[in-house]
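Working notes, beginning with the structure itself.
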DNA sequence: TGAAAACTTTGCTATATGGCGAAGTATCAT
DNA sequence: ATGATACTTCGCCATATAGCAAAGTTTTCA
C-alpha cells in the first residue's frame, strides 16, 4: 500500500478523526497554555496514551510544545486547521444546494 | 481501547484522511453520477481496494450508491462535509489571529 | 445457453493505531 | 543526596487499515 498518512492534509484530517484529540484541541482553544498533566487530568486514558495522541497532533502540526523546567506547555497551531477548512470550503456551494435538487440530479443522471 | 471510529464526525474526518478518498469526492463533485468503474479508471489501485475506500466513504455517509442494472452510480452526500466544516469553523477566530499575537501569548503564558 | 461485464466478497499479507504497565530521564524541593 | 514530580520511552497486545489475487454474484448481450 501507499504510505499511511503521507501529506500534511492527510495527517491533519487523521488527527481530527479521534474524539480525545479533538477534545485536546478544544481545550487548548478555550484554555491556552495548559501543561500536559493538566490536559491529561480530565481524560479517561493514561499518560502514555495521551503522549501518543499528542504525537499525532504534533505530526499534523496542530500543536507545539514549550518546555519550562519540567513542565511542558502545549499550544495550538491554527494553520493546519485553516487548511483543512479550506479543503472543505470548496464543497460549500455543493452542500448549499437543497437535498431536493440533489435527488433530482441523481435521477437525471440515472437516465443517461 | 475505545472503539475506533464511533461517532459520525470521527468517521467523516477519518474518511477525509486519505488522498484516494478525497480524490473520489472531488471527482464526484465535478462529475456527478459516475459509476464505480469510471471512478476506478484513473486510480492506481485495483477494484477491491477502491471498494474498501467506498465502504469507508459510505460508513461516513459521504456517498450513496444507486444500482441500475449492473452499474452502480455513486453520488456525493454533502451533509457530513458541512458538519466537519462546522467543527472547524469554531476555530476560525483563532486562526485569524496573527501568528505574532500567538507567539506573544505563548511567551506570556510561559511566565505564569 | 453461454460468455462477458460490473461489481462484490473472501481470504491473505504487512503495517499502523491506541491502549497499558513498567522503566527511564530530567528537574525541583528538602 | 534523596525523593518526588513531570514527562518520555519501551515492550507488549488487540484491532484496524490498505492493499492484492482469486473466486463469487448479478445483469446484459450474442
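Chains as they are written, first to last, in my numbering: chain A, 1 to 112; chain B, 1 to 112. Just so you know, even glycine gets a beta-carbon here, dropped at the ideal spot from N, CA and C.
Amino acids of chain A, ordered along the chain, whose beta-carbon sits closer than 7 Å to that of residue i
i: residue 35/B; result: In chain order: nothing, as chain A lies at least about 10 Å away.
Proximity test, Cβ basis, 8 Å: residue i and chain A
i: residue 52/B; result: no
i: residue 29/B; result: yes
i: residue 62/B; result: no
8 Å Cβ cut-off: residues of chain A touching residue i
i: residue 42/B; result: Within 8 Å Cβ-Cβ: nothing; residue 42/B doesn't reach chain A, min ~15 Å.
One or two residues paired with residue i in a DSSP bridge
i: residue 74/A; result: 65/A
i: residue 35/B; result: 73/B
Per-residue contacts from residue i into chain A (C-beta, under 9 Å)
i: residue 10/B; result: 16, 17, 18, 19 and 22
i: residue 81/B; result: 88, 91, 92, 94 and 95
Minimum Cβ-Cβ distance from residue i to chain B less than 8 Å
i: residue 88/A; result: yes
i: residue 58/A; result: no
i: residue 76/A; result: yes
Where residue i meets chain B, residues with beta-carbon distance less than 7 Å
i: residue 84/A; result: 88
Meets three-Cβ-pair contact criterion under 8 Å: the stretch 31-49 of chain B and the stretch 68-85 of chain A: no
Cβ contact check for the stretch 2-20 of chain A and the stretch 55-62 of chain A: 3 or more pairs under 8 Å: yes
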